[in-house]
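A.B. asks: In my numbering, the protein residues as written are 67 to 276.
All C-beta atoms in this analysis are idealised placements derived from N, C-alpha and C, irrespective of residue type, glycine included.
Below you will find the structure I want to go over with you.
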């Protein structure tokens, strides 16, 4: 087959087939980004667990005492998440998913500080919407990895838990401060543990299959 015939054959190849290698490469690039930044993932997990401890320590009858800790946690987590991709080339596949995941926390933190919620209901909506958005982005990140890291299920589980928690915290926003604070603490602890586990799995990513 001549070079010209080979070029024609590649041109006539179905679009989905021609795009598969690029999607595979994008998944590998995303796994590489997480692998090189596994310490950041671990730190984010530790911050989530620290937030859970703070919630258990300071919340008794008022949810308003959690506004500042939550804003600090969301902002710190978002800055760390967005920082992962700041040094990456925009041409690397799916980098924007990680960026959006981080920016969700940045936005939530800034809103909490500059537009503080005036009621417990508003505060629960802040937390719930942030959890739902980050949960969806976590699932999108896991899907984008395309089984290149071998621990995507941890991110899927974290995303599902985030969405369920976010929905529950909004629906049950009228519950007592004690119950809501325990829900927030439990979610933060579980999420932190999952993120920490993902960090250690990302440290030694699975070798790409042929």
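1) Just to confirm, are residue 229 and residue 202 a CB contact at a threshold of 8 Å?
2) At the level of alpha carbons, what is the spacing between residue 183 and residue 176?
3) In whole angstroms, give me the CA-to-CA distance for residue 233 and residue 192.
4) Between which two residues does the alpha helix (DSSP H) holding residue 116 run?
5) Output the distance between the C-alpha atoms of residue 244 and residue 125, rounded to the nearest integer angstrom.
6) Taking the alpha carbon of residue 101 as the point to measure from, which residue in 218, 236, 196 and 254 has its own alpha carbon closest?
7) Between residue 188 and residue 136, what straight-line distance do the alpha-carbon atoms span, to the nearest angstrom?
8) Once DSSP output is grouped into helix, strand and coil, what is the label at residue 232?
9) Assign residue 296 to buried or exposed, taking buried as 16 or more other Cβ atoms, counted over all protein chains shown, within 10 Å of its Cβ.
10) Quick one: is residue 113 buried, meaning 16 or more other Cβ sit within 10 Å of its Cβ, or exposed?
11) Where does residue 275 fall in DSSP's three states?
12) Going by other Cβ atoms of all chains shown within 10 Å of its Cβ, with 16 needed for buried, is residue 185 buried or exposed?
13) In this structure, how does DSSP classify residue 270 when only helix, strand and coil are distinguished?
14) Does residue 31 come out as helix, strand or coil in the three-state DSSP assignment?
15) Tell me whether residue 135 sits in a helix, a strand or coil according to DSSP, three-state version.
16) What residue does the alpha helix (DSSP H) around residue 177 start on, and which one ends it?
17) Nearest to residue 210 by alpha carbon, out of 248, 162, 171 and 111?
18) Considering Cα atoms alone, identify which of 196, 130 and 147 is closest to residue 227.
C.D. replies: On the basis of the data shown:
1) yes
2) 12 Å
3) 11 Å
4) 104 to 124
5) 7 Å
6) 218
7) 13 Å
8) helix
9) Nothing can be reported for residue 296: it is not among the residues displayed for the chain, which extend from 67 to 276.
10) buried
11) Confidence in residue 275 is poor, its pLDDT being 47 and thus under 50, which makes the residue's placement too unreliable to answer from.
12) exposed
13) coil
14) Nothing about residue 31 can be read from this structure; the chain reaches only from 67 to 276.
15) helix
16) 161 to 180
17) 162
18) 196
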